[in-house]
Amino acid sequence: MKVLVINAGSSSIKYQLYDMPGGQVVARGVLERIGDKLSRLTHRRGSETSTREEAVVNHEAAMQRILQILVDPRVGAIEELAEIATVGHRVVHGGEEFTGSVVVDDRVLASIEKFVDLAPLHNPHNLVGIRAARNKLPGAVQVACFDTAFHTSLPEVAYRYALPYELYERYHIRRYGFHGTSHRYVARRAASLMGMDKYQLNAITCHLGNGCSMAAIRHGRSVDTSMGFTPLEGLVMGTRTGDFDPAILFYLADKGYDLTSLNSLCNKKSGLLGISGVSNDMRTLEQLAHEGNARARLAVEIFCYRVRKYIGAYMTLLNPLDAIVFTGGIGENSPLVRRQVCQDLDHLGIRLDPQGNEMGRGREGVISAADSDVCLLVIPTNEEEAIATDAYELSVEAGGSAKAKGHWDRT
Ligand code: ADP
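For the record, in the sequence shown the residue sitting at position 310 is 311 according to my numbering, with numbers rising by one throughout.
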């Protein structure tokens, strides 16, 4: 069965076509700059890459182009669109309603629409992607996978803020958490690598990419996570502040900053970029720090310091702690960050194997010393594969029919 995974952003759509249940990627690509004069479609089948540049006015037209290239006799991967039985869509916000992936029906669409208010930068594009796929592939089962779903298991004590009680009831202000598909994927993978049942594992998962978040996972379920009402809270990120005193905003407002500039300051100009003043890219900062740039070095140090603080906090929730997992572009590829995060934590039973930690890019494996109480793991995340698996399983459950309605929690 062919499963198409769609990740629709504001100006791009990423796609991967899977052959399930085996999980082989038969084609993948990205259509960027939707709505610009010239959009670019980069399509890969095996080791062959083809690019096309042409005007693509909107997401509907973009889906049309993607489907066209998938059946292209020269570079495509399937003979006809009817081979695509299921489409799995990444959706950022599922509020408190979606505790797992679901088959999309009109009710589900209406709910995703309702959560546009909570994720105005993401859910509208995700919705357009779903609608476009529904129009173009009416025979396929459409499945929505939510970034928030894995964290719906957070207990009230972890998801409530110490704000006036009624704000939760009136505006649904609470911790939602994001990157859920990634945290779930690496936690399940860690359990499998360690020979444990997925509902036995206690782990701290660190998704360190451009956006960064951590999760405390008890018996396979998320019990706390560092991102909050929005992805701004928690760790230091490429351009986001992470945790800081909100009174700084009142102070700056008093100095003349308006809402728009404060939003941009916190989300786009802070984090690694803000501290270093030169880059949000960890590779660049590591290089500059190595060359003696003090601010680049400070940015890396603050980044790692914050991860360490969360490890300390989450260890109070997990007894025993079986594993710490590193994933995301930085977590998977930066021995330096992993070393700084784990150094001098012997008293917590965390001991890194310096050689194992130097493992090459994109590799999966154990990086803890033989005498470490906590297993330290690097696991490349694969959110697309997780979405394809959910979509496949839900589609089988729904009998492979686009008309089937269903809600099956993929936890
Ligand atoms: P996104 O959150 O946009 O998906 P990624 O997960 O791809 O981002 O992570 C991007 C980050 O990973 C960047 O800061 C990049 O510098 C960092 N990164 C990628 N490779 C390396 C590497 N070899 N060493 C250090 N950092 C790396």
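Built from N, CA and C at the ideal position, the CB exists for glycine as well.
What does the alpha-carbon distance come out to for the pair residue i and residue j?
i       : j       : result
Ala-405 : Ser-102 : Confidence at Ala-405 is low in this model, with a pLDDT of 42, below 50, so its placement is unreliable and the value that follows should be read with caution. Straight-line Cα distance between these residues: approximately 15 Å.
Ala-371 : Gln-356 : 12 Å
Thr-382 : Val-158 : 29 Å
Tyr-441 : Gly-95  : This structure gives no information on residue 441, because the portion of the chain shown stretches from 2 to 412.
His-180 : Lys-256 : 35 Å
Asp-347 : Ile-303 : 21 Å
Gly-24  : Tyr-169 : 40 Å
Asp-118 : Gln-344 : 42 Å
Asp-259 : Leu-122 : 20 Å
His-184 : Val-72  : 34 Å
Glu-84  : Leu-39  : 30 Å
Val-27  : Glu-97  : 34 Å
Val-308 : Leu-378 : 15 Å
Lys-15  : Ile-35  : 12 Å
Gln-143 : Leu-82  : 14 Å
Phe-327 : Met-228 : 16 Å
Lys-137 : Glu-333 : 37 Å
Arg-46  : Gly-10  : 22 Å
Lys-310 : Gly-235 : 10 Å
Gln-65  : Ile-368 : 44 Å
Val-76  : Ile-331 : 33 Å
Arg-161 : Leu-128 : 28 Å
Phe-116 : Ala-78  : 35 Å
Gly-400 : Ala-63  : 29 Å
Gly-89  : Glu-384 : 11 Å
Arg-298 : Asn-59  : 42 Å
Leu-337 : Cys-213 : 17 Å
Asp-391 : Met-21  : 11 Å
Pro-321 : Ile-218 : 11 Å
Leu-42  : Gly-30  : 7 Å
Pro-165 : Ile-174 : 10 Å
Arg-340 : Asn-124 : 37 Å
Glu-398 : His-220 : 26 Å
Asp-148 : Ala-216 : 13 Å
Phe-151 : Leu-194 : 20 Å
Arg-2   : Ala-86  : In the sequence on display, residue 2 carries Met and not Arg. Approximately 6 Å between the Cα atoms of the pair.
Thr-285 : Gly-272 : 14 Å
Pro-156 : Pro-74  : 52 Å
Thr-412 : Leu-250 : With a pLDDT of 48 at Thr-412, under the threshold of 50, the modelled position of that residue is not reliable, and the figure given next carries that caveat. Straight-line Cα distance between these residues: approximately 38 Å.
Val-237 : Leu-253 : 20 Å
Leu-110 : Tyr-177 : 20 Å
Ser-325 : Tyr-186 : Just to set this straight, residue 325 is Ile in the shown sequence, not Ser. So the alpha carbons of these two residues sit roughly 14 Å apart.
Quick one: is the Cβ of residue i within less than 6 Å of any heavy atom of the ligand ADP?
i       : result
Asn-334 : yes
Arg-284 : yes
Asn-211 : yes
Gly-24  : no
Gly-10  : no
Ile-331 : yes
Can you pull the DSSP bridge partners for residue i?
i       : result
Phe-327 : Cys-207 and Val-379
Ser-214 : His-208
Glu-80  : DSSP output for Glu-80 lists no bridge partner at all.
Ile-14  : Ala-9 and Leu-32
Asp-354 : Answer is none; Asp-354 lacks a bridge partner.
Ser-223 : Ile-218
Ile-85  : Lys-3
Gly-366 : Val-379
Thr-50  : Arg-45
Gln-25  : Asp-20
Glu-55  : Ser-40
His-90  : Ile-7 and Ala-145
Does the contact criterion of 3 or more C-beta pairs under 8 Å hold for the stretch 187-203 versus the stretch 303-317? no
Any contact between the stretch 54-62 and the stretch 104-111? By contact I mean 3 or more CB pairs, one from each, below 8 Å. Short answer: they don't touch.
Looking at C-beta atoms only, is the number of pairs between the stretch 238-249 and the stretch 259-274 that lie closer than 8 Å three or more? yes
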